[in-house]
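> My questions will all concern the structure given below.
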Amino acid sequence: MTGVPASRDDLLLRARRLAGRTLGAVADDLAIDLAADTVRTKGKFGALLERVLGATGTGAARDFPEIEVELKTVPIGSRGPLESTYVCHLPLADADRAAWPTSWARAKLACVLWIPIWAEDADWRRRKIGRPLLWAPTPEQDAVLAHDFDEIVGAIGAGHVEGLTARTGRWLQLRPKAAHGGVRTTIRGADGEVVSTVPKGLYLRARFTGAILRDPGACPE
7 MTGVPASRDD LLLRARRLAG RTLGAVADDL AIDLAADTVR TKGKFGALLE RVLGATGTGA
67 ARDFPEIEVE LKTVPIGSRG PLESTYVCHL PLADADRAAW PTSWARAKLA CVLWIPIWAE
127 DADWRRRKIG RPLLWAPTPE QDAVLAHDFD EIVGAIGAGH VEGLTARTGR WLQLRPKAAH
187 GGVRTTIRGA DGEVVSTVPK GLYLRARFTG AILRDPGACP E
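Residues in the sequence shown are numbered from 7 upward in steps of one, following my numbering.
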């Protein structure tokens, strides 16, 4: 499995061939040495699968720009996903002009290759890769995501970014996204004052990703 996937079907076939294999075996195939510290290596498992599947996207681009597909790995346990899934950075200064149809968040979620990773084993080398899902939002799902997005950017545009919490939004939520709490950005508050806040990113709730992994058309409450 080398080179850029020729099509979405080709990418899905490659991903299916990984199902049931361990991360350790895949890393060994590529002669990659990943540290066993799961805190320090958070994100590296996704990078490992990007490499073996032929991803070429960097920076502000989809992981597979040639076929317009984003890759998302999901750590799961016996009860489903263990955490929310990062979608993209949300520029706070431009939030009042953001619209869901033309947003980077919608572009990122237009077609996603989901790959579950069974993450309950303490030894990352023994963690198995699950069955992949190539997913695109249904019109009903897109409508809910659009409502969540509008609620979030509307509050930011009105100067209420500090009033937003991870509870805002049915499936899409806004959370801090920075290397540490000392990283700051500025935005205008409700009265035009300059507010200093932590950079933010959009995330999908675990209950949503868990539901679509079971049923791609699911609309969980």
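Glycine included, C-beta positions come from ideal geometry on N, C-alpha and C. Keep in mind the model is a prediction, meaning the values are calculated, not measured.
1. Go ahead and label residue 64 buried or exposed: buried means 16 or more other beta carbons lie within 10 angstroms of its beta carbon, across all protein chains shown.
2. Evaluate the contact criterion for the stretch 116-125 versus the stretch 170-183: three or more CB pairs, one atom per stretch, below 8 Å.
3. Where do the N-terminal and C-terminal ends of the beta strand (DSSP E) with residue 81 fall, by residue?
4. Should residue 90 be labelled buried (16 or more other beta-carbon atoms within 10 Å of its own) or exposed?
5. Beta-carbon within less than 6 Å of residue 81's beta-carbon, same chain only, minus the 5 sequence neighbours each way: which residues are those?
6. Identify every residue that forms a DSSP beta bridge with residue 122.
7. To the nearest angstrom, how far is the alpha carbon of residue 219 from that of residue 100?
8. Give the straight-line distance between the Cα atoms of residue 17 and residue 62, rounded to the nearest whole angstrom.
9. Tell me where the beta strand (DSSP E) around residue 166 begins and ends.
10. Might you give, ordered along the chain, the residues of its own chain that have their beta carbon closer than 8 Å to the beta carbon of residue 60, omitting 5 neighbours on each side?
11. For residue 208, I'd like the list of residues in its chain whose CB is within less than 7 Å of its CB, leaving aside the five on either flank, ordered along the chain.
12. Among the candidates 106, 133, 139, whose CA atom is the shortest distance from the CA of residue 217?
13. Please return the same chain residues whose Cβ sits closer than 7 Å to the Cβ of residue 214, not counting the five positions on each side in sequence.
14. Can you give me the C-alpha to C-alpha distance between residue 51 and residue 130, rounded to a whole angstrom?
15. So, residue 190 versus residue 165, is the Cβ gap smaller than 8 Å?
16. In terms of alpha-carbon separation, which member of 135, 161, 204, 211 lies closest to residue 27?
17. For residue 79, count neighbouring C-beta atoms within 10 Å of its own C-beta (all shown protein chains included) and say buried if the count is 16 or more, exposed if not.
18. So, residue 68 versus residue 114, is the Cβ gap smaller than 8 Å?
19. Short check: CB of residue 30 to CB of residue 132, under 8 Å?
20. Please report the distance separating the alpha-carbon of residue 34 from that of residue 77.
21. Quick one: Cα of residue 128 to Cα of residue 206, how far?
22. Would you list the residues sitting across from residue 135 in a DSSP beta bridge?
According to the structure data:
1. Here the question's residue 64 lines up with position 58 in the sequence shown. So residue 64 ends up on the exposed side.
2. Counting Cβ pairs under 8 Å, fewer than three are found: no touch.
3. Stepping through the sequence shown from its first residue, residue 81 is reached at position 75. Start and end: 76-83.
4. Walking along the sequence shown from the start, residue 90 turns up at place 84. Flag for residue 90 reads buried.
5. Residue 81 sits at position 75 when you count from the first residue of the sequence shown. 88, 123, 125.
6. Reading the sequence shown from its first residue, position 116 is the one you call residue 122. DSSP output for residue 122 lists 80 as bridge partner(s).
7. Sequence index remark: in the sequence shown, residue 219 carries index 213 (1-based). Sequence index remark: in the sequence shown, residue 100 carries index 94 (1-based). Each residue's Cα considered, the two are about 32 Å apart.
8. For the purposes of this step, residue 17 is taken as residue 11 along the sequence shown, with counting starting at 1. For the purposes of this step, residue 62 is taken as residue 56 along the sequence shown, with counting starting at 1. So the two alpha carbons sit approximately 13 Å from each other.
9. Position 160 of the sequence shown, counted from the start, is the residue given in the question as residue 166. Looking at the DSSP string, residue 166 is not in any beta strand (DSSP E), and its letter there is neither H nor E.
10. Sequence index remark: in the sequence shown, residue 60 carries index 54 (1-based). Within the same chain, residue 60 has close Cβ partners 7, 8, 9, 10, 11, 17, 20, 70.
11. Position 202 of the sequence shown holds residue 208. Its chain contains 93, 94, 96, 111, 178, 180 as the residues whose beta carbon lies nearer than 7 Å to that of residue 208, once the 5 sequence neighbours on both sides are disregarded; these appear in chain order.
12. On the sequence shown, residue 217 is found 211 positions in, with the first residue counted as 1. Comparing Cα-Cα distances from residue 217 to each of 106, 133, 139, the minimum goes to 139.
13. Translated into positions along the sequence shown, residue 214 becomes position 208. For residue 214, same chain residues with a beta-carbon under 7 Å away, outside a window of 5 residues either side, are 177, 226 in chain order.
14. Counting from 1 along the sequence shown, the entry for residue 51 is found at position 45. Counting from 1 along the sequence shown, the entry for residue 130 is found at position 124. Cα to Cα, residue 51 sits roughly 9 Å from residue 130.
15. Here the question's residue 190 lines up with position 184 in the sequence shown. Here the question's residue 165 lines up with position 159 in the sequence shown. No, they are not a contact pair.
16. Taking the sequence shown and counting its residues from 1, the one referred to as residue 27 is at position 21. Put simply, of 135, 161, 204, 211 the residue whose alpha carbon is nearest the alpha carbon of residue 27 is 135.
17. Here residue 79 refers to the residue found at position 73 when the sequence shown is read from its first residue. By the 10 Å Cβ count, residue 79 comes out buried.
18. The residue you call residue 68 lines up with position 62 of the sequence shown. The residue you call residue 114 lines up with position 108 of the sequence shown. Residue 68 places its beta carbon less than 8 Å from that of residue 114.
19. Within the sequence shown, the letter at position 24 stands for residue 30. Within the sequence shown, the letter at position 126 stands for residue 132. Yes. Within cutoff.
20. On the sequence shown, position 28 is the one that residue 34 refers to. On the sequence shown, position 71 is the one that residue 77 refers to. Their backbone Cα atoms lie some 21 Å apart in a straight line.
21. Counted from its first residue, the sequence shown places residue 128 at position 122. Counted from its first residue, the sequence shown places residue 206 at position 200. The alpha-carbon atoms of residue 128 and residue 206 are separated by roughly 30 Å.
22. By one-based count along the sequence shown, residue 135 stands at place 129. Answer is 123, bridged to residue 135.
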